[in-house]
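Quick notes on the structure that follows.
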Amino acid sequence: MTDGRPLKVALLGCGVVGSQVARLVTTHAADLAARVGAPVELAGIAVRRPGRLREGVHAELITTDAQGLVSRPDIDVVVEVIGGIEPARSLISTAFENGASVVTANKALLAEDGPSLYSAADKYGADLYFEAAVAGAIPLLRPLRESLAGDSVNRVLGIVNGTTNFILDRMDTSGAGYYEALEEATALGYAEADPTADVEGFDAAAKAAILSGIAFHTRVRLDDVHREGITEVTASDIASARRMGCTVKLLAICERAADGRSVTARVHPAMIPLTHPLASVREAYNAVFVEADSAGSLMFYGQGAGGVPTASAILGDLVAACRNKVSGARGPGESAYTMLPVSPMGDVVTRYHISLDVADKPGVLSQVAAVFADHGVSIDTVRQQGKDGEASLVVVTHRAPDAALTATVETLRGLDTVRGVASIMRVEGE
Ligand code: HSE
């Protein structure tokens with residue numbers, strides 16, 4: 006309980022997101038005080054480069070001594086938006102040791118070391134909130150942790166990376182190749198100078214780890230998430246998807262096995278039907294589809310990145326943490342009681358779209374079909390187009406374990422009559 010005294014907030018980081026947090030805490034001070042029940046004041050802002058101009062940020066709050074700031078006994082809430090593992094992890098630990106609650110957007114740290122953060126929060130009676138770590142402004146973690154706490158979530162399927170969605174959307178609408186679309190994303194500020202974390206799926210995989218842990222009340226680490234990025238998606242993959250009435254999206258897919266005994270988490274590009282709600286998620290937007298026993302299907306949609314939208318999620322968490330300080334309550338802690346094991350990608354049941362360049366002569370189709378049969382993979386549709394002794398064969402399978410589908414493709418590659426595998430992509434959302 007704070008007896009109406011002002012609540013003091015330490016902000017770690019004042020970049021794209023942090024500067025917006027600082028601005029909103031100041032400009033919305035009256036509303037925040039009314040909503041929290043006590044004034045909310047910025048007590049200090051730790052930065053690496055103090056000389057940089059930060060419009061609207063009071064210069065006297067700036068410090069380079071982040072450790073000193075989080076060690077102050079008068080700090081009630083620490084907002085961490087510096088990202089990365091260190092020094093963020095140590096600063097958050099010190100914050101908890103000093104009794105402060107923590108609001109963070111640090112998906113990498115949560116995906117690597119979430120359980121330790123939760124347990125430190127518990128030990129010191131503090132709160133840990135991180136709505137902004139997944140899908141920016143979209144209220145998603147609080148609905149999963151609180152609104153759906155009485156339900157049973159079976160699947161979370163989403164577009165959780167705006168940069169890659171922008172690139173794939175451009176490839177889809179303009180027929181551009183991957184590098185051309187990446188260039189446009191960079192020029193417009195959607196992709197960073199080094200886009201690896203986004204385009205190789207690391208960012209989405211960290212979010213998938215966080216989402217699956219919360220959705221299934223278990224623990225999933227970044228290393229448990231199967232990850233494939235979008236760098237190998239070609240204009241021809243996108244054109245194939247179009248011909249099937251689909252589009253290509255980088256999806257984060259978290260599932261509980263039908264027998265409820267294990268979970269899987271994966272990030273990879275996939276074809277989804279144009280009729281699926283996620284197909285209409287354009288540009289850098291994010292959307293997450295949640296399937297639960299009682300609630301049925303839910304869709305969360307909005308801006309997954311950007312300073313102001315992400316600051317909105319942080320401010321929401323800040324209000325929650327401050328309200329708890331005022332009332333002496335605590336927010337929800339970790340719920341990982343199921344401790345379900347994470348199954349490998351090979352066990353995931355999925356469908357493949359495979360486009361092969363083959364010799365156009367008698368017996369090739371039956372030879373190819375036999376490979377699928379030998380691996381226990383049932384074919385859904387086959388389309389063949391022949392030209393000058395060569396043919397393109399497009400096979401879409403029924404659902405089968407991913408290991409069987411991968412083995413099928415490997416065997417196909419070894420056939421003399423298969424000149425090349427032009428495209429392989431999983432098909433989701435049906
Ligand atoms: N770089 C991320 C994206 C935003 O493109 O969605 C922060 O997670």
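Each step along the sequence shown adds one to the number in the numbering used here, with nothing skipped, and position 188 is 193.
Ideal placement from N, C-alpha and C gives every residue a C-beta, glycine not left out.
- Look at residue 309: its beta carbon is less than 7 Å from one of the heavy atoms in the ligand HSE.
- Secondary structure remark: continuous alpha helix (DSSP H) runs of at least 4 residues inside the stretch 184 to 252, in chain order: 201 to 204, 207 to 220 and 240 to 248.
- Closest in C-alpha terms to residue 63, from the list 29, 91, 83 and 194, comes 29.
- Residue pairing by DSSP places residue 380 opposite no residue, since no beta bridge is assigned to it.
- Shown here, residue 148 sits in a helix according to DSSP, grouped into three states.
- Residue 276 sits in a strand when the DSSP states are folded into three classes.
- No Cβ-Cβ contact shorter than 8 Å links residue 331 with residue 141.
- For residue 166, the shortest separation between its Cβ and any heavy atom of the ligand HSE lies below 7 Å.
- Look at residue 174: its beta carbon is at least 7 Å from all of the heavy atoms in the ligand HSE.
- Note: residue 258 is bridge-paired with 162 and 271 in the DSSP secondary-structure output.
- Here the stretch 339 to 352 makes no contact with the stretch 365 to 376; the two share fewer than three CB pairs at distances below 8 Å.
- The closest heavy atom of the ligand HSE lies 7 Å or more from the beta carbon of residue 177.
- Separation of residue 235 and residue 48 (C-alpha to C-alpha, rounded to the nearest whole angstrom) is 42 Å.
- Taking one beta carbon from each stretch, the stretch 209 to 223 and the stretch 139 to 153 have 3 or more pairs nearer than 8 Å; the two touch.
- Under the DSSP assignment, residue 39 falls in the alpha helix (DSSP H) whose first and last residues are 34 to 41.
- Membership of residue 359 in the beta strand (DSSP E) is indicated by the continuous run 354 to 364.
- About 14 Å separates the beta carbons of residue 387 and residue 432, which is beyond the 8 Å limit, so they are not a contact pair.
- The DSSP-derived three-state label of residue 135 is coil.
- Assignment of beta-bridge partners to residue 369 by DSSP yields no partner.
- A residue is called buried when at least 16 other Cβ atoms come within 10 angstroms of its Cβ; residue 403 does not meet this threshold and is exposed.
- For residue 208, the Cβ falls inside the 7 Å cut-off from some heavy atom of the ligand HSE.
- Cα atoms of residue 152 and residue 312: separation of roughly 26 Å, rounded to the nearest angstrom.
- In the structure shown, residue 111 adopts coil according to DSSP, grouped into three states.
- The stretch 110 to 125 and the stretch 256 to 273 do not touch, with fewer than 3 CB-CB distances between them shorter than 8 Å.
- A distance criterion of 7 Å places the beta-carbon of residue 127 beyond contact range of the ligand HSE, judged by its closest non-hydrogen atom.
- Within the model, the alpha-carbon separation for residue 26 versus residue 321 is close to 11 Å.
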